[in-house]
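For reference, the structure is listed below as structure tokens.
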Amino acid sequence: MQEEKFMKEALKEAEKSYEKEEIPVGAVIVKDGKIIARGHNLKETKTDTTNHAEIIAIRKASKKLKSWRLTGCTMYVTLEPCTMCAGALIQARLDKVVIGTMDEKTGACGSVLNVLKDYKFNHIVQTEYGVLENECRQIIQKFFKELRKKKK
């Protein structure tokens, strides 16, 4: 299944964040069946609030395509985007986002609120949920479990 293939690539990106002691979120952007951009969280490493996996992947895809419009592209992301990232998906004109697992605390694509569906914007981003959900949830849970142990 193509969705699983690309979500596995997003999980590889999440692993990179995990190794850097960042919240393990990974994203890839696909156009015409090929990955054109990758990103993983670097918020702590770069001390920049906007360095979420989704934003990094959008920046790289825009550079590759030489356009801020990512029409014809799909993002695969391991964790449900926050409000900033959901807004960036709309602004970048992505066709679709495929989400691994939901974020019950800060998710903005259906958990806490749904920026992509509940508001009337000039662009609609299609959504798909639950691709490799267990794997995507497990890496997040493992990270926070280890973080809590370190704080004791």
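All residue numbers for the sequence shown refer to our numbering, where the first residue is 4 and numbers rise by one.
The beta carbon of each residue, even a glycine, is placed where N, CA and C say it ideally should be.
Continuous alpha helix (DSSP H) stretch holding residue i: start and end
i    : result
Y21  : 5–22
G90  : 86–94
E138 : 136–154
Close-in-space but distant-in-sequence residues of the same chain around residue i (CB under 7 Å, 5 per side omitted)
i    : result
F146 : Y21, I26, P27
Same chain, Cβ closer than 6 Å to residue i, five either side skipped, listed in chain order
i    : result
V115 : none
A95  : I61, L73
C-beta contact flag for residue i and residue j at 8 Å
i    : j    : result
H55  : A17  : no
E131 : G103 : no
M78  : L92  : yes
T86  : A64  : no
V128 : E6   : no
When the options are compared against residue i, the one with the closest alpha-carbon
i    : options              : result
A30  : I59, K46, C76, T52   : I59
I32  : L14, H126, T52, T86  : L14
D106 : F124, V80, K123, Q94 : V80
D35  : K99, K11, E57, T53   : K99
Through-space distance from residue j to residue i, alpha-carbon basis
i    : j   : result
G133 : T50 : 30 Å
R140 : C76 : 24 Å
I38  : K66 : 14 Å
L82  : E47 : 17 Å
D121 : T52 : 25 Å
Run of the beta strand (DSSP E) containing residue i, from where it starts to where it stops
i   : result
A30 : 29–34
8 Å Cβ shell around residue i - same chain, five flanking residues per side excluded
i    : result
I142 : L14, A17, E18, Y21, P27, T81
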